[in-house]
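Input: a single structure, listed below in structure tokens.
Protein chains: 2
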Amino acid sequence: MPTELPVLDTAVAGCCSPITGGVMNDSEATSLAAKFKAMGDPTRLRLLSLVAASEGGEACVCDLNDQLDLSQPTVSHHLKLLVDAGLLTRSKRGVWSYYALVPGALPALADTLQV
Amino acid sequence: MPTELPVLDTAVAGCCSPITGGVMNDSEATSLAAKFKAMGDPTRLRLLSLVAASEGGEACVCDLNDQLDLSQPTVSHHLKLLVDAGLLTRSKRGVWSYYALVPGALPALADTLQV
DNA sequence: CCCATTCATTGACATTCTTCGATGTCTGGG
DNA sequence: CCCAGACATCGAAGAATGTCAATGAATGGG
């Protein structure tokens, strides 16, 4: 299962553009691909979009569930994948779980694609 | 199978940033996710990188095959997926197939992620 | 202390993906 | 006309993925 990828993220958060800036080695490619794979699903893309557009930059599962026409476990599963990929954070307050974008994660990914 | 996605690409090539620029609808999410899914594999990421770093911006299958430690049909399969996703072009000259980046495809994807 | 609510986890199933060997197709040379 | 080389396509096997119903865990109210 594609969990965590703990420390290699620095390779992604760096300044350069791995794809167009020279040949990637295997670990670079694996680390980057994990993030793109997390975004390679319409539901997860919509989740990111919903979170980004939410009041205060965070949303609870109950709100996300309502807008997705999928079962609650399925939504929870996708959210976990996005957290594991380093794209979302989860903070539990009371009975509710709030998800927010990891600051800078999407721009860092964008840098990876720029020429 | 995730083939082609013919005309919806205009939604991706557009100016705006679907992810952080408001809630995405279903077809936007599906169209975008198809491209990210194509990049969600280490082998395909390395292929893009190898092509981008090649002399003249294109590479033939024989060169790519040598650097990937995978069977020729497997490399061919990944290249087809990248072409179907609109990220690579294929041009056959003589016996050789040359692959090149679709101009602007990666930057358009990057715009999608910028804030 | 019990119960309802919110969410995560588990187990199962069907689908899709990655990979390979085998085979097909096309091109250029002899 | 046949053959070798480059590449695509096919068919199959194993792994991974998306989805759900059922269940578990934690919180807050009465």
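Quick mapping for you: the protein sequence lines, in order, are chains A and B. Per the numbering used here, numbering through the first sequence is continuous, rising by one, with the last residue being 958. Per the numbering used here, numbering through the second sequence is continuous, rising by one, with the last residue being 958. Built from N, CA and C at the ideal position, the CB exists for glycine as well. Owing to the predicted nature of the structure, the values given are computational and were not obtained by experimental measurement.
**Three-state secondary structure (DSSP) of Ser914/A** = Numbered from 1 along the first sequence, position 71 holds the residue referred to as residue 914/A. Here Ser914/A sits in coil by DSSP.
**Prompt:** In chain B, which residues lie with their C-beta within 9 Å of the C-beta of Lys880/A?
**Reply:** Within the first sequence, numbered from 1, the residue matching residue 880/A stands at position 37. Here the neighbours are Phe879, Lys880, Met882, Gly883, Asp884.
**Top-ranked residue by Cα proximity to Gly865/B, from Glu898/A, Ala872/A, Asp869/A** = Reading the second sequence from its first residue, position 22 is the one you call residue 865/B. When only C-alpha atoms are compared, the closest one is Glu898/A.
**Item:** Beta-carbon proximity list for Ala948/B, same chain, < 7 Å, skipping 5 on both sides
**Value:** Your numbering for residue 948/B matches position 105 in the second sequence. Gly929, Leu930.
**Request:** Look at His921/B and Arg887/B and say whether their C-beta atoms are less than 7 Å apart.
**Result:** The residue labelled residue 921/B in the question sits at position 78 within the second sequence. The residue labelled residue 887/B in the question sits at position 44 within the second sequence. Taking 7 Å as the Cβ cut-off, His921/B and Arg887/B qualify as a contacting pair.
**Prompt:** So with Cβ pairs under 7 Å, would you call Gly865/B a contact of chain A?
**Reply:** As a first step, residue 865/B must be located in the second sequence, where it is residue number 22. It does: the Cβ of Gly865/B has a partner Cβ on chain A nearer than 7 Å.
**Prompt:** What is the residue span of the alpha helix (DSSP H) that Thr886/B lies within?
**Reply:** One-based indexing of the second sequence puts residue 886/B at position 43. That run of the alpha helix (DSSP H) goes 885-895.
**Request:** Taking only the alpha-carbon atoms, compute the straight-line gap between Asn908/A and Pro950/A and give it to the nearest angstrom.
**Result:** Position 65 of the first sequence holds residue 908/A. Position 107 of the first sequence holds residue 950/A. Those two C-alpha atoms are separated by around 26 Å.
**Request:** Please work out which residues of its chain come closer than 8 Å, Cβ to Cβ, to Val894/A, disregarding the five sequence neighbours upstream and downstream, and give them in chain order.
**Result:** Taking the first sequence and counting its residues from 1, the one referred to as residue 894/A is at position 51. Excluding sequence neighbours, Val894/A sits near Gly900, Glu901, Ala902, Leu907, Leu931, Tyr942, Ala943, Leu944.
**Request:** Would you mind telling me which residues of chain B sit closer than 9 Å to Asp869/A, beta carbon to beta carbon, in chain order?
**Result:** Residue 869/A sits at position 26 when you count from the first residue of the first sequence. In chain order: Pro885, Arg889.
**Asked** Beta-carbon of Ser892/B versus every beta-carbon of chain A: anything under 7 Å?
**Response** Along the second sequence, one-based indexing puts residue 892/B at 49. By this cut-off, Ser892/B is an interface position.
**Asked** Of all the residues that make up the segment 941-954 of chain A, which are near chain B by a beta-carbon distance shorter than 7 Å?
**Response** Leu949, Pro950, Leu952, Ala953
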